[in-house]
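K.L.:
Please see the structure below; I have some questions.
There are 2 protein chains.
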Amino acid sequence: MENMVNVAVDAMGGDNAPFEIVKGAVEAVNEDKRVRVFLVGREPVIREELKKYTYNEEQMEVVHAEEMIETGEPPVMAIRKKKDSSIVKAMYLVKEGQCDAFVSAGSTGAVLVGGQVIVGRIKGVERPPLAPIIPNAGGVSLLLDCGANVDARPSQLLQFAKMGSIYMESVLGVKNPRVGLVNIGVEEEKGNALTKETYPLLLNCPEINFVGNVEARDIPAGAADVLVCEAFAGNIVLKMLEGVSSVLVKKIRDGMMSSLRSKIGGFLVKPALKQTLKAFSTEEYGGAPLLGLNGLVVKTHGSSNAIEIRHSILQCIAFKEQNINEKIKEQIVLED
Amino acid sequence: MENMVNVAVDAMGGDNAPFEIVKGAVEAVNEDKRVRVFLVGREPVIREELKKYTYNEEQMEVVHAEEMIETGEPPVMAIRKKKDSSIVKAMYLVKEGQCDAFVSAGSTGAVLVGGQVIVGRIKGVERPPLAPIIPNAGGVSLLLDCGANVDARPSQLLQFAKMGSIYMESVLGVKNPRVGLVNIGVEEEKGNALTKETYPLLLNCPEINFVGNVEARDIPAGAADVLVCEAFAGNIVLKMLEGVSSVLVKKIRDGMMSSLRSKIGGFLVKPALKQTLKAFSTEEYGGAPLLGLNGLVVKTHGSSNAIEIRHSILQCIAFKEQNINEKIKEQIVLED
Numbered sequence: 001m002e003n004m005v006n007v008a009v010d011a012m013g014g015d016n017a018p019f020e021i022v023k024g025a026v027e028a029v030n031e032d033k034r035v036r037v038f039l040v041g042r043e044p045v046i047r048e049e050l051k052k053y054t055y056n057e058e059q060m061e062v063v064h065a066e067e068m069i070e071t072g073e074p075p076v077m078a079i080r081k082k083k084d085s086s087i088v089k090a091m092y093l094v095k096e097g098q099c100d101a102f103v104s105a106g107s108t109g110a111v112l113v114g115g116q117v118i119v120g121r122i123k124g125v126e127r128p129p130l131a132p133i134i135p136n137a138g139g140v141s142l143l144l145d146c147g148a149n150v151d152a153r154p155s156q157l158l159q160f161a162k163m164g165s166i167y168m169e170s171v172l173g174v175k176n177p178r179v180g181l182v183n184i185g186v187e188e189e190k191g192n193a194l195t196k197e198t199y200p201l202l203l204n205c206p207e208i209n210f211v212g213n214v215e216a217r218d219i220p221a222g223a224a225d226v227l228v229c230e231a232f233a234g235n236i237v238l239k240m241l242e243g244v245s246s247v248l249v250k251k252i253r254d255g256m257m258s259s260l261r262s263k264i265g266g267f268l269v270k271p272a273l274k275q276t277l278k279a280f281s282t283e284e285y286g287g288a289p290l291l292g293l294n295g296l297v298v299k300t301h302g303s304s305n306a307i308e309i310r311h312s313i314l315q316c317i318a319f320k321e322q323n324i325n326e327k328i329k330e331q332i333v334l335e336d
Numbered sequence: 337m338e339n340m341v342n343v344a345v346d347a348m349g350g351d352n353a354p355f356e357i358v359k360g361a362v363e364a365v366n367e368d369k370r371v372r373v374f375l376v377g378r379e380p381v382i383r384e385e386l387k388k389y390t391y392n393e394e395q396m397e398v399v400h401a402e403e404m405i406e407t408g409e410p411p412v413m414a415i416r417k418k419k420d421s422s423i424v425k426a427m428y429l430v431k432e433g434q435c436d437a438f439v440s441a442g443s444t445g446a447v448l449v450g451g452q453v454i455v456g457r458i459k460g461v462e463r464p465p466l467a468p469i470i471p472n473a474g475g476v477s478l479l480l481d482c483g484a485n486v487d488a489r490p491s492q493l494l495q496f497a498k499m500g501s502i503y504m505e506s507v508l509g510v511k512n513p514r515v516g517l518v519n520i521g522v523e524e525e526k527g528n529a530l531t532k533e534t535y536p537l538l539l540n541c542p543e544i545n546f547v548g549n550v551e552a553r554d555i556p557a558g559a560a561d562v563l564v565c566e567a568f569a570g571n572i573v574l575k576m577l578e579g580v581s582s583v584l585v586k587k588i589r590d591g592m593m594s595s596l597r598s599k600i601g602g603f604l605v606k607p608a609l610k611q612t613l614k615a616f617s618t619e620e621y622g623g624a625p626l627l628g629l630n631g632l633v634v635k636t637h638g639s640s641n642a643i644e645i646r647h648s649i650l651q652c653i654a655f656k657e658q659n660i661n662e663k664i665k666e667q668i669v670l671e672d
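Read top to bottom, the protein sequences are chains A and B.
Going by the working numbering, the first sequence opens with residue 1, and the numbers climb by one from there.
Going by the working numbering, the second sequence opens with residue 337, and the numbers climb by one from there.
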């Protein structure tokens with residue numbers, strides 16, 4: 001059992017905890033023998049949920065944590081004070097080496113702070129980026145940084161590009177991933193002070209496949225596999241993707257309900273559209289890794305269901321088996 | 337004829353010049369007797385196009401300009417050198433008071449530079465924002481700034497909020513428009529240095545109806561009528577809106593073509609969907625005004641067709657009749 005991938009899972013985090021979280025954990029262990037899940041949270045509640053399912057008990061542990069960190073709580077204070085919360089306890093499992101990874105649908109702020117303060121950064125990593133996988137017309141891209149720390153430096157964006165390339169290639173299997181710098185024009189001289197200084201750093205970095213500036217308009221079309229930007233810009237990209245998709249899908253539904261003719265048509269196209277729109281939902285691709293830490297921390301949507309939790313847990317296998325953190329260490333040391 | 341609204345139109349600018357531009361100009365003068373268009377560009381070409389239509393000749397002038405500024409040209413140089421270009425000549429018509437406004441589908445850079453250098457800023461305006469009208473679930477919002485000048489100051493964002501409110505209320509008829517600051521969270525303390533400094537300025541400005549921070553996710557739902565941000569962020573909002581819409585619509589079309597059942601359904605829902613999607617297209621709402629200049633300059637999409645040109649020309653009527661620039665002057669002077 002030495003080679004198993006041990007994943008701590010926040011059983012209390014997110015809108016659908018603990019039901020969907022426990023369900024996703026069971027599905028993950030039933031799908032892959034290499035994974036062992038540590039469900040962290042209120043033990044009686046978790047045990048009650050687990051009774052509903054059949055699974056290999058050697059692949060499932062429960063770690064009791066009495067407290068919970070709420071979404072609205074100031075994260076730094078919560079991490080400091082709530083030592084017996086599911087997030088803090090799970091972070092210590094990773095820090096102390098019992099677990100390789102941690103998956104949470106809970107407070108984004110607490111996960112970001114806990115990752116840095118408890119799990120800790122890899123030596124040389126200036127800032128660990130939160131890197132959601134976003135859908136595009138033909139596949140997916142990794143968007144980093146979407147974290148809470150804005151106003152990044154050019155050297156940090158260079159590190160994002162390297163870490164993102166490693167993750168995209170090793171975990172998602174994209175060979176020689178195309179790295180794009182999110183900008184307001186494609187020409188080298190376009191942009192703000194940050195992008196202008198970052199461009200030559202990316203251009204002259206031999207470890208990445210830099211394809212130049214990428215305009216936001218071309219992001220949904222899939223102009224790059226790894227999209228590099230500071231967190232304010234990354235947040236807008238991610239949230240516009242979610243917001244525009246959701247409004248358009250609603251408008252299309254309303255349009256289909258507007259006449260008898262369109263209602264019949266809507267009934268007929270529904271199965272095909274469902275498939276199409278599923279591929280374009282940000283919730284289909286597992287959680288966002290927080291890269292550059294001494295262990296893997298994955299933040300999933302607050303609204304995560306069992307599917308997203310299962311995906312996120314299974315992604316941790318590739319992360320460990322591909323030695324992502326060793327690769328990151330090599331490139332960061334190389335840089336120093 | 338003294339009270340007519342005189343609009344210079346760049347007959348040579350954009351992908352569909354001169355055909356769609358001339359057509360849009362003819363449609364505008366045929367729709368409203370208050371407007372007179374000055375088509376600026378190569379006279380023989382314009383005259384040839386005009387022959388296709390019937391219109392009141394007193395409402396249509398042609399001003400010859402031999403040169404054209406191409407989209408790829410460095411704008412500052414182009415404005416300086418090409419004195420006989422349609423953009424430069426039209427800008428002088430506004431500067432010298434022969435025209436009240438200028439509409440162009442040509443080079444964005446040249447229009448922005450020409451607006452500042454030739455038409456000139458209203459005294460006290462620090463930076464003229466480019467303010468496209470974007471569709472949302474229930475109507476439209478004004479997004480400013482989307483121009484070429486990034487890294488704005490808080491005092492500039494405050495001016496954007498004031499000018500945007502005036503435009504939204506007087507030209508688009510939205511009473512007491514809700515002003516939102518584009519940010520990565522709704523709480524006051526969220527964001528980067530710029531948004532944190534701008535928030536209290538907007539909160540304490542009695543001339544605007546500030547509703548707080550707006551997350552990008554809520555922009556397509558219509559969380560504010562006037563969306564204030566610096567140009568890098570504004571560009572991402574605008575381009576993501578365009579990019580996501582275009583990819584989703586294409587995906588939906590492909591989905592409808594995927595089986596016989598969905599093809600039949602697609603045929604039935606098509607008229608209803610066309611209507612729905614039209615309302616969500618950025619090209620339905622005329623061009624983007626460049627606010628704060630001594631005259632109105634409107635930049636339309638490079639791909640503008642006659643409809644967008646007509647809308648943009650007709651918007652100039654409200655701009656003049658509502659004395660937008662007088663109102664801007666009052667508020668900017670008040671501020672000094």
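Think of the CB as a built atom: it goes at the ideal place given N, C-alpha and C, for glycine as much as any other residue.
Under 8 Å: do the stretch 229-238 of chain A and the stretch 512-528 of chain B share three or more Cβ pairs, one atom per stretch?
P.N.:
Counting Cβ pairs under 8 Å, three or more are found: they touch.
K.L.:
Determine whether the Cβ of M240(A) lies closer than 8 Å to any Cβ atom of chain B.
P.N.:
Yes, because at least one Cβ of chain B sits closer than 8 Å to the Cβ of M240(A).
K.L.:
Mind listing the chain B neighbours of K251(A)? Cutoff is C-beta to C-beta under 8 Å, in chain order.
P.N.:
By Cβ distance, chain B contributes A473, T612, L613, A615 and F616.
K.L.:
Do G114(A) and V150(A) have their C-beta atoms within less than 8 Å of each other?
P.N.:
For G114(A) and V150(A), no; Cβs fall outside 8 Å.
K.L.:
Compute the distance between the beta-carbons of V45(A) and P18(A), then report whether it is under 8 Å.
P.N.:
Their beta carbons are under 8 Å apart, which means V45(A) touches P18(A) by this criterion.
K.L.:
Taking all protein chains shown into account, decide if R383(B) is buried (16 or more other Cβ within 10 angstroms of its Cβ) or exposed.
P.N.:
Answer is exposed; the Cβ neighbour count stays below 16.
K.L.:
What residue range is occupied by the uninterrupted beta strand (DSSP E) comprising D254(A)?
P.N.:
That residue, D254(A), is in no beta strand (DSSP E); its alpha helix (DSSP H) goes A231 to M256.
K.L.:
Using 8 Å as the limit for Cβ to Cβ distance, is E215(A) near chain B?
P.N.:
Answer yes: the Cβ-Cβ gap between E215(A) and chain B drops below 8 Å somewhere.
K.L.:
Spell out whether any CB of chain B is found under 8 Å from the CB atom of R261(A).
P.N.:
So, interface residue.
K.L.:
Return the chain-ordered ranges of every beta strand (DSSP E) run that is complete within the stretch 260-334 of chain A and spans a minimum of 3 residues.
P.N.:
Taking only runs of at least 3 residues, the beta strand (DSSP E) segments lying wholly in the stretch 260-334 of chain A are 288-290 and 296-299.
K.L.:
What is the DSSP secondary structure of S443(B), reduced to helix, strand or coil?
P.N.:
It is coil, neither helix nor strand.
K.L.:
Identify, in the order they occur along the chain, each residue of the same chain with its Cβ nearer than 6 Å to the Cβ of K358(A), setting aside the five sequence neighbours on each side.
P.N.:
In the structure displayed, chain A extends from 1 to 336; residue 358(A) sits before or after that span and is not available.
K.L.:
What are the start and end residues of the alpha helix (DSSP H) that includes S85(A)?
P.N.:
No alpha helix (DSSP H) holds S85(A); DSSP gives it neither H nor E.
K.L.:
Answer with yes or no whether the minimum CB distance from G266(A) to chain B is below 8 Å.
P.N.:
Chain B, which has a Cβ nearer than 8 Å to the Cβ of G266(A), makes this yes.
K.L.:
Taking only the alpha-carbon atoms, compute the straight-line gap between L480(B) and E31(A) and give it to the nearest angstrom.
P.N.:
Answer to the nearest angstrom: the Cα atoms are 50 Å apart.
K.L.:
Since M592(B) meets chain A, which of its residues come closer than 8 Å, beta carbon to beta carbon?
P.N.:
Simply V269, A272 and L273.
K.L.:
When you compare the CB of F568(B) with every CB in chain A, is at least one pair closer than 8 Å?
P.N.:
Judged by the 8 Å Cβ criterion, F568(B) is in contact with chain A.
K.L.:
Under three-state DSSP, which class holds N209(A)?
P.N.:
Strand.
K.L.:
Could you tell me how far apart the beta carbons of A497(B) and V564(B) are, in whole angstroms, since I believe they sit closer than 8 Å?
P.N.:
Their Cβ separation, rounded to whole angstroms, is 5 Å, which keeps A497(B) and V564(B) in contact under 8 Å.
K.L.:
On the DSSP bridge list, what partners appear for A437(B)?
P.N.:
Bridge partners of A437(B): V343(B) and L632(B).
K.L.:
Who are the near neighbours of A624(B) in its chain, counting only those whose CB is closer than 8 Å to its CB and skipping five residues on each side?
P.N.:
Correct list, in chain order: L466, A467, P468, I469, C482, V634, K635 and T636.
K.L.:
Roughly how many whole angstroms lie between the Cα atoms of N213(A) and G180(A)?
P.N.:
Distance between the alpha carbons of N213(A) and G180(A) is about 6 Å.
K.L.:
Mind checking if P556(B) is an interface residue toward chain A, Cβ cutoff 8 Å exclusive?
P.N.:
Yes, its Cβ sits closer than 8 Å to a Cβ of chain A.
K.L.:
Pick out whichever of Q98(A), A224(A), S85(A) and M60(A) has its Cα sitting closest to the Cα of F208(A).
P.N.:
A small fix is needed here, since residue 208(A) is Ile in this sequence, not Phe. For I208(A), the nearest C-alpha among the options comes from A224(A).
K.L.:
Pop quiz: L430(B) and V455(B) are said to be a contact at Cβ under 8 Å. What is the actual Cβ separation, rounded to whole angstroms?
P.N.:
A small fix is needed here, since residue 430(B) is Val in this sequence, not Leu. Sure, about 5 Å apart at Cβ, within 8 Å.
K.L.:
With C-beta atoms as the reference, is G408(B) less than 8 Å away from A473(B)?
P.N.:
Result no, Cβ atoms of G408(B) and A473(B) do not sit closer than 8 Å.
K.L.:
Could you give the residue range of the alpha helix (DSSP H) that holds E61(A)?
P.N.:
Where E61(A) is concerned, there is no enclosing alpha helix (DSSP H), although the beta strand (DSSP E) it sits in stretches over M60 to H64.
K.L.:
My assumption, with CB atoms under 8 Å, is that V200(A) sits in contact with V583(B). Please give the rounded CB distance.
P.N.:
Note on residue identity: the sequence assigns Pro, not Val, to residue 200(A). Not a contact, Cβ separation roughly 31 Å.
K.L.:
Thinking V29(A) and M4(A) are a contact (beta carbons under 8 Å), I'd like their distance in whole angstroms, please.
P.N.:
Between M4(A) and V29(A) the Cβ distance is about 10 Å, and since that is not below 8 Å, they are no contact.
K.L.:
Does any CB atom of chain B fall closer than 8 Å to the CB of A78(A)?
P.N.:
Not one chain B Cβ lies under 8 Å of A78(A).
K.L.:
From K51(A) to M60(A), what does the alpha carbon distance come to, in whole angstroms?
P.N.:
Their Cα atoms are separated by approximately 12 Å.
K.L.:
What residue range is occupied by the uninterrupted alpha helix (DSSP H) comprising I357(B)?
P.N.:
Element bounds for I357(B): F355 to E367.
K.L.:
Give me the subset of the stretch 24-47 of chain A whose CB atoms are less than 9 Å from a CB atom of chain B, sorted by chain position.
P.N.:
Residues passing the 9 Å Cβ filter: none.
K.L.:
At 8 Å on the CB atoms, spell out the chain A contacts of I470(B), in chain order.
P.N.:
None at all; the shortest Cβ gap to chain A is about 10 Å.
K.L.:
Round the Cβ separation of N294(A) and I79(A) to the nearest angstrom and send it over; I've been treating them as touching at under 8 Å.
P.N.:
Contact flag wrong, Cβ pair sits at about 16 Å.
K.L.:
Run through the DSSP bridge pairs and tell me what P465(B) is partnered with.
P.N.:
For P465(B), which the question treats as bridged, DSSP gives no partner whatsoever.
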